[in-house]
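Student: Handing you a structure now.
Here is the structure:
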């Protein structure tokens, strides 16, 4: 795996030349794929505004020394139009948790992603973590939380990393790295939590290695200034009572599809970004993340998952989301998906080692026919997931036929899964 110690500015120049998503001289393969008739894709695209569809597809071409160059193609991309990012926000939180650990190590604290930790509770709506039987040691650690996030999209794991970071740290890092528009301000599936306060955390082995006191957010997060932050015609509140009127999303998390797409690219190919845009990760961190993102639930021993409930495509919507059969061994999807309030979002780096295929794909679709939120009546299985699976297959089929001057060397990713 190549992780440059020094950034080569020639790479930036060559990559920028290839980033031609708005170049009118280039044919956009998305247009051809989306215009095919008598398919589920066609039925959705006919009402793309209603379904709030957005897509980004990145072709990857390697040069003579295997450096990747990107060409982006977009469909209805609009970073100023709000959609709820659901569990995709867990992805940058996982990356930032590793970055914060590296900062602590530089400060002289002997902690890493495998260091045992305990989480305290000092407010009535908080909960503590004393033990974790899903970890081999019996105690929680950052690595296991990250694996849970990518293997099954575990909400509690995200919430614990949110507590480790604190929301001001998260959003300051976004600003530093130019991740915009984007903002993460709250836990998930936690109605009563005050997100201003983060639980105390202790890292330890035989003694205390690092003690983090309660973090109190000092920033006032104003309503998002985006289009369409009020949605629907009704919603069930936390008391399960129907409220007639639009639901206000202006205080919720937000990451644009382009932000999500580029966040993933910064970790898959950090050498394509200047040092101030990257996450501060070690070679070991990258290898750990690639394995966690590409692994299937059944391949994990800690945590251990029931393969009948957590089947291969449980969090792999592109290409395989509408099926429960085992995934082909030669295909790996390094991704994060999310679904909530009728939204399905996924961003992924998809690799076929057998056919030397690689590409990035990110998409969002909104399915909420009755316009009511929190009623669990969303057309995920009927429209949302089948659309995501089919668009993934169509892009993959296009990539199988696409001729490349240089065959990519994908061995560094493939060897991670020699199990």
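In my numbering, the protein residues as written are 15 to 433. For glycine and all other residues, C-beta sits at the position ideal for the given N, C-alpha and C. Note that the structure is a prediction, hence the values are computed from the model and not measured.
(1) Considering only residues of the same chain and omitting the five flanking positions on each side of residue 87, which have a CB-CB separation below 7 Å?
(2) Helix, strand or coil for residue 372? Go by DSSP, reduced to three states.
(3) Which parts of the stretch 157-245 are runs of the alpha helix (DSSP H), unbroken and 4 residues or longer, counting only runs that do not cross its ends?
(4) Throw me the rounded Cβ distance for the residue 308 and residue 431 pair, which I believe falls under 8 Å.
(5) To the nearest angstrom, report how far apart residue 413 and residue 372 are at their CA atoms.
(6) Ends of the alpha helix (DSSP H) at residue 116?
(7) Pull up the distance between the alpha-carbon of residue 262 and that of residue 123, whole angstroms please.
(8) Per DSSP, what kind of secondary structure is residue 73 in: helix, strand or coil?
(9) Determine the burial state of residue 329: buried for a count of at least 16 other Cβ atoms within 10 Å of its Cβ, exposed for fewer.
(10) Hey, out of 387, 269, 290, whose CA is closest to residue 238's CA?
(11) Compute the beta-carbon to beta-carbon distance between residue 360 and residue 332, rounded to the nearest angstrom, for a pair I have assumed lies under 8 Å.
(12) Which same chain residues end up closer than 6 Å to residue 381 when comparing Cβ atoms and leaving out the 5 residues on each side of it in sequence?
(13) Could you check what DSSP says for residue 420 in three-state terms: helix, strand or coil?
(14) For a test of the three-state rule: what should DSSP assign to residue 380, helix, strand or coil?
(15) With distances taken from CA atoms, which of 250, 184, 171 is nearest residue 259?
(16) Helix, strand or coil: how does DSSP classify residue 302 here?
(17) What separation, rounded to the nearest whole angstrom, lies between the Cα atoms of residue 243 and residue 161?
(18) Could you say which of 400, 415, 120, 134 lies nearest to residue 58 if we only look at CA atoms?
(19) Taking only the alpha-carbon atoms, compute the straight-line gap between residue 83 and residue 219 and give it to the nearest angstrom.
(20) What span of residues does the beta strand (DSSP E) with residue 425 cover, start to end?
(21) Whose C-beta lies closer than 6 Å to the C-beta of residue 247 among residues of the same chain, with five residues either side of it excluded?
(22) Cβ atoms of residue 188 and residue 1: under 8 Å apart, would you say?
(23) With a threshold of 6 Å on Cβ separation, who are the neighbours of residue 229 within its own chain once the five nearest residues in sequence on each side are excluded?
(24) Take the Cβ of residue 137 as the centre, count every other Cβ of all protein chains shown within 10 Å, and call the residue buried at 16 or more, exposed below.
(25) With H, G and I counted as helix, E and B as strand and the rest as coil, what does DSSP make of residue 81?
(26) Closest to residue 185 by CA distance: which of 85, 289, 103, 63 is it?
(27) DSSP three-state call for residue 89: helix, strand or coil?
(28) Going by DSSP in three states, residue 286 sits in which element: helix, strand or coil?
(29) Between which two residues does the beta strand (DSSP E) containing residue 362 stretch?
(30) Would the stretch 146-161 count as touching the stretch 116-130 if we require 3 or more Cβ pairs under 8 Å?
(31) Starting from residue 53, follow its DSSP beta bridges and name the residues at the other end.
(32) Taking the alpha carbon of residue 165 as the point to measure from, which residue in 351, 89, 54, 119 has its own alpha carbon closest?
(33) When you compare only the Cα positions, how much space is there between residue 146 and residue 89?
(34) Short check: CB of residue 294 to CB of residue 113, under 8 Å?
(35) Using only the alpha-carbon positions, how far apart do residue 288 and residue 172 sit?
(36) Could you work out which residue in 99, 378, 131, 273 is closest to residue 217 when comparing CA atoms only?
Tutor: Quick answer:
(1) Indexing the chain shown from 1 puts residue 87 at position 73. Cβ neighbours of residue 87 beyond the five flanking positions: 35, 42, 43, 44, 71.
(2) For this step, residue 372 is matched to residue 358 along the chain shown. The DSSP-derived three-state label of residue 372 is strand.
(3) 169-179, 181-191
(4) Within the chain shown, residue 308 is the residue found at index 294, counting from 1. Within the chain shown, residue 431 is the residue found at index 417, counting from 1. About 7 Å separates the two Cβ atoms, so the contact holds.
(5) In the chain shown, counting from the first residue as 1, residue 413 sits at position 399. In the chain shown, counting from the first residue as 1, residue 372 sits at position 358. The alpha-carbon atoms of residue 413 and residue 372 are separated by roughly 8 Å.
(6) In the chain shown, counting from the first residue as 1, residue 116 sits at position 102. Counting along the chain, the alpha helix (DSSP H) containing residue 116 begins and ends at 104-120.
(7) What you label residue 262 is simply residue 248 of the chain shown in a count that begins at 1. What you label residue 123 is simply residue 109 of the chain shown in a count that begins at 1. If I take the Cα positions, the gap works out to 42 Å.
(8) In the chain shown, the residue the question calls residue 73 occupies position 59. Residue state, collapsed to three classes: strand.
(9) Within the chain shown, residue 329 is the residue found at index 315, counting from 1. It counts as buried.
(10) As a working note, residue 238 is residue 224 in the chain shown. The shortest C-alpha separation from residue 238 is found at 269.
(11) For the purposes of this step, residue 360 is taken as the residue at position 346 of the chain shown. For the purposes of this step, residue 332 is taken as the residue at position 318 of the chain shown. Their Cβ separation, rounded to whole angstroms, is 6 Å, which keeps residue 360 and residue 332 in contact under 8 Å.
(12) Start at 1 with the first residue of the chain shown, and residue 381 comes out as number 367. Once the five neighbours on either side are set aside, the close Cβ partners of residue 381 are 356, 392, 393, 397, 398.
(13) What you label residue 420 is simply residue 406 of the chain shown in a count that begins at 1. Looking at residue 420 - three-state DSSP - the assignment turns out to be coil, as it is neither helix nor strand.
(14) Here residue 380 corresponds to residue number 366 of the chain shown, with the count starting at 1. Strand.
(15) Here residue 259 corresponds to residue number 245 of the chain shown, with the count starting at 1. Ranking 250, 184, 171 by Cα distance to residue 259 puts 250 first.
(16) The residue you call residue 302 lines up with position 288 of the chain shown. Three-state DSSP puts residue 302 in a helix.
(17) Stepping through the chain shown from its first residue, residue 243 is reached at position 229. Stepping through the chain shown from its first residue, residue 161 is reached at position 147. One C-alpha to the other measures close to 32 Å.
(18) Your numbering for residue 58 matches position 44 in the chain shown. Closest by alpha carbon: 400.
(19) In the chain shown, residue 83 corresponds to position 69, counting from 1. In the chain shown, residue 219 corresponds to position 205, counting from 1. Roughly 44 Å separates the two Cα atoms.
(20) Position 411 of the chain shown holds residue 425. Counting along the chain, residue 425 falls outside any beta strand (DSSP E), though it belongs to the alpha helix (DSSP H) covering 425-428.
(21) Within the chain shown, the letter at position 233 stands for residue 247. Around residue 247: 385.
(22) Outside the shown range of the chain, which is 15 to 433, sits residue 1, and nothing can be said about it.
(23) Position 215 of the chain shown, counted from the first residue, corresponds to residue 229. Same-chain partners within the cutoff: 180, 212.
(24) On the chain shown, residue 137 is found 123 positions in, with the first residue counted as 1. Its Cβ having fewer than 16 others within 10 Å, residue 137 is exposed.
(25) Within the chain shown, the letter at position 67 stands for residue 81. Residue 81: coil per DSSP, three-state reduction.
(26) Residue 185 sits at position 171 when you count from the first residue of the chain shown. Closest by C-alpha distance to residue 185, out of 85, 289, 103, 63, is 103.
(27) As a first step, residue 89 is located in the chain shown; it is residue number 75 there, counting from the start. If DSSP states are grouped into helix, strand and coil, residue 89 belongs with the strands.
(28) What you label residue 286 is simply residue 272 of the chain shown in a count that begins at 1. Helix at residue 286.
(29) Sequence index remark: in the chain shown, residue 362 carries index 348 (1-based). Where residue 362 is concerned, the enclosing beta strand (DSSP E) stretches over 357-366.
(30) yes
(31) As a working note, residue 53 is residue 39 in the chain shown. DSSP, once it has assigned bridges, lists no residue as partnering residue 53.
(32) The residue you call residue 165 lines up with position 151 of the chain shown. Comparing Cα positions, the closest option is 351.
(33) Counting from 1 along the chain shown, the entry for residue 146 is found at position 132. Counting from 1 along the chain shown, the entry for residue 89 is found at position 75. Looking at the two C-alpha atoms, the distance is approximately 43 Å.
(34) The sequence position of residue 294 within the chain shown is 280, counting from 1. The sequence position of residue 113 within the chain shown is 99, counting from 1. Taking 8 Å as the Cβ cut-off, residue 294 and residue 113 qualify as a contacting pair.
(35) For the purposes of this step, residue 288 is taken as residue 274 along the chain shown, with counting starting at 1. For the purposes of this step, residue 172 is taken as residue 158 along the chain shown, with counting starting at 1. Residue 288 and residue 172: Cα-Cα distance of roughly 28 Å.
(36) In the chain shown, the residue the question calls residue 217 occupies position 203. Checking every option, the nearest Cα to that of residue 217 belongs to 131.
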